[in-house]
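Residue numbers (the working numbering): 232 to 590. Idealized CB from N, CA, C, for every residue including glycine. Given the structure is predicted, the values throughout are model-derived calculations rather than measurements. Report on the following structure.
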Ligand code: FBP
């Protein structure tokens, strides 16, 4: 039962063999995995530890914080601040980056994370997750905020944990995306989903359709056509899913395909969508691309986007290649005015969004 099972540590040693500074990166990912085990245990306690409900505080996004948002943030900081592997950390739950305390040495990595993604679901006992991204800080002095503002194509590692019936860690160090299931009896992550692949084609889309009237016309066009199914231009029926935990929706796509969208909406046209670029969109984009999918803002590759602010948001459209390419084409046709056949029943104005606001 326990023979020939590849543990996370063994896998990382193999994957990173010969890479520069491979031991330090492997050690950092093992520290992150240890924090994820601790979060898995805390999340599994649910209301037993009084960690449900909401606080009367808000995070930098103006979102009401949950006790677990802060607790999971602390768990990651405490697992990773003392090992001499990171130069600094940034989190959805902290307005400013975290500086490594003076008593500890600094390493060369920047760790960025959303400690508890989908936290609105925690009281509902629906799967939530942790998302993380690793960048390089190649100076000896302490990082400042600008050092975190690197495009996603500079990530050296990215991953997420999904806390569901089982706890699964999916990560990439640039050689594919791979899944590990936590064996709680021995406290080890075991390789169970090697070389994940996103099918090019899909009949499943994930989006919060309650925002439909606020989307740009190309997004409306795409979803209208999916809903029309066999009776419309796609000529086949589609299925819709929306778990409202990005980790769970993306995990489904990595396991069976699909396209996930959280597009820009004109509820807050300057915000550029809901999801954060540095510690949600970028790590998920790396995992999806490493598994053969695409990750776009609708107009540009997410991983090429130059961040301007630590907590900036970005429209996210990711998953099966053919569907992401179609959505990008619809955006191009809208921008250059060649999408005439489709007139959204909800939009009379063609350019409801200021061009400069586009990602
Ligand atoms: P946080 O919980 O970290 O803020 O994540 C944002 C998120 O919960 C995503 O996980 C999810 O995809 C999205 O918001 C759901 O948004 P909505 O509630 O508007 O459907």
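In the structure shown, the three-state DSSP call for residue 469 is coil. Counting along the chain, the unbroken alpha helix (DSSP H) around residue 519 starts and ends at 513–521. The C-beta separation of residue 271 from residue 413 comes to about 6 Å, placing the pair in contact by the 8 Å criterion. When 291, 523, 269 and 297 are compared, the shortest CA-CA separation from residue 281 is found for 297. If the five residues before and after residue 469 are omitted, its C-beta is found closer than 8 Å to the C-beta atoms of 434, 435, 436, 457, 458 and 460, all from its own chain and listed in chain order.
Classified as exposed, residue 375 has fewer than 16 neighbouring CB atoms from the shown chains inside 10 Å of its CB. Residue 435: member of the beta strand (DSSP E) spanning 435–437, first to last residue.
With a threshold of 7 Å, the Cβ atom of residue 492 does not count as near ligand 1, since no heavy atom of the ligand is closer than that. The beta carbon of residue 516 sits no closer than 7 Å to any heavy atom of ligand 1. Note on the stretch 499–567: whole beta strand (DSSP E) runs with a minimum of 3 residues are 525–527 and 547–550, in chain order.
Counting along the chain, residue 350 sits inside no alpha helix (DSSP H), nor does DSSP assign it H or E at all.
Between residue 380 and residue 539, the beta carbon gap of about 7 Å places them in contact (Cβ cut-off 8 Å). Scanning the stretch 295–351 for uninterrupted alpha helix (DSSP H) segments of 4 residues or longer gives 298–311, listed from N- to C-terminal end. For residue 520, the distance from the CB to the nearest heavy atom of ligand 1 is not below 7 Å.
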